[in-house]
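K.L.:
Quick note: the sequence shown uses numbering that gives the first Met the number 0, first residue 0, plus one each step.
Cβ coordinates follow ideal geometry from the N, Cα and C atoms, glycine included.
Quick caveat, the model's predicted, so the values are computed rather than measured.
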Amino acid sequence: MIGQNPYKGNISPLDEIKSFFNKKDVLSRLILVNIIVFTIINAFALILYLFNIDQNFVQEYGVNRITYYLSLPSNIFNLLLRPWSLISYMFVQEDIFHLFFNMLVLYVGGRIFNQFVGENKMLSVYTISGFVGALLYVLTFNIFPAFGNVVSSSFAIGASASVLGIFIASASYVPNLPINIVLFGNVKLKYIALVFIALDLLNIRTGNAGGHIAHIGGAIFGFFFIAQFKKNIDYSLPFNKMIKTVKTIFYPKEKEKTPFQNVHRNSRRPISDEDYLKNKKEKQAEVDAILDKIKKSGYESLSSVEKQRLFQASNED
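1. Using C-beta distances below 6 angstroms, list every residue in its chain close to N185, excluding the 5 sequence neighbours before and after it, in chain order.
2. What is the DSSP secondary structure of L122, reduced to helix, strand or coil?
3. Determine the contact status of L105 and I156, defining contact as a CB-CB distance below 8 angstroms.
4. On a CA-only basis, which of F37, L45, I46 is nearest L69? Give me that one, please.
5. Less than 8 angstroms between the C-beta atoms of L163 and G117, yes or no?
6. For P237 and L122, what's the separation of their Cα atoms in angstroms?
7. If we call anything under 8 angstroms between Cβ atoms a contact, is K294 one with S300?
8. Hey, quick one: how far does the alpha helix (DSSP H) through K23 stretch, first residue to last?
9. Can you find the residues in the same chain that come closer than 8 angstroms, C-beta to C-beta, to I34, ignoring five residues on each side of it along the sequence?
10. Looking at the unbroken beta strand (DSSP E) that takes in K230, where does it start and where does it end?
11. Does Y190 have its Cβ less than 8 angstroms from a Cβ in chain B?
12. Let me check one thing: in DSSP terms, what residues is F154 bridge-paired to?
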């Protein structure tokens, strides 16, 4: 758990940040990876700048060389030479404001996604949303004449397609969940999602067309994933299976923990199989009841105790 009840305001922002990253869940790891990549890229760019190495390259391509080689090219020939860019581009941000906004949206959307959809699906949706965004960007730039004069030099960077996939998936699953926004008060999640999509559609003609198109691709997958998930079709399963296979190759002796290997948080003595399953079932039933109440009456209908229990459940390992 993050710590004390956040609704009482008795936990400092710094402590909350520390607790968030100490959790080591998928959401915190994704944000951390984006921050680390951003730091490495900018440190590398600073070194090249100080030694006057990268000036001509930056003038020609608009970015430093490490960003360029991690970016996603729209030119198919260049893409074949840099196939890793289909994945690497979704972790690359050069500008601090670009990083901050993407991570803020990922944090908000990711917390909701973890609570309602499930943490074990997040990496899949993040990666596949970014991949779909990449494909839509490359296809669009190679099909439509409007981009014929820039397709040879255009490239995309940023986590926005992946982030928007997570956010749209959350908004599709709980569209009426209220989010408190400064100056606007409580706004339903679906309206925030619609604003994001509208801004991308409207800005395709005004600049950074490739980025906006990639965002739309990520949003499309996020919506599609939840539409199928509600029909009990989980498109995260093949990706999760692939990740598990890769982990087995690198860690062949690592054994997956079973539920019966869990112990009390405040005790070193293992609990029995029967008690563990009973406790887990009771906690899940309590959370399910709270979620049903949100769907029927909205988040504001919850009592302070119910809000605290929901917050605690979202932060349990």
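P.N.:
With the given structure in hand:
1. P177, N179
2. helix
3. no
4. F37
5. no
6. 12 angstroms
7. no
8. Neither: K23 is in no alpha helix (DSSP H) and is coded neither H nor E.
9. The beta carbon of I34 sits closer than 8 angstroms to those of L98, M102, all from its chain and outside the five residues before and after it, given in chain order.
10. K230 -> no beta strand (DSSP E), and no H or E assigned at all.
11. Given the protein chain composition of this structure (a single chain), no chain B is represented.
12. P72
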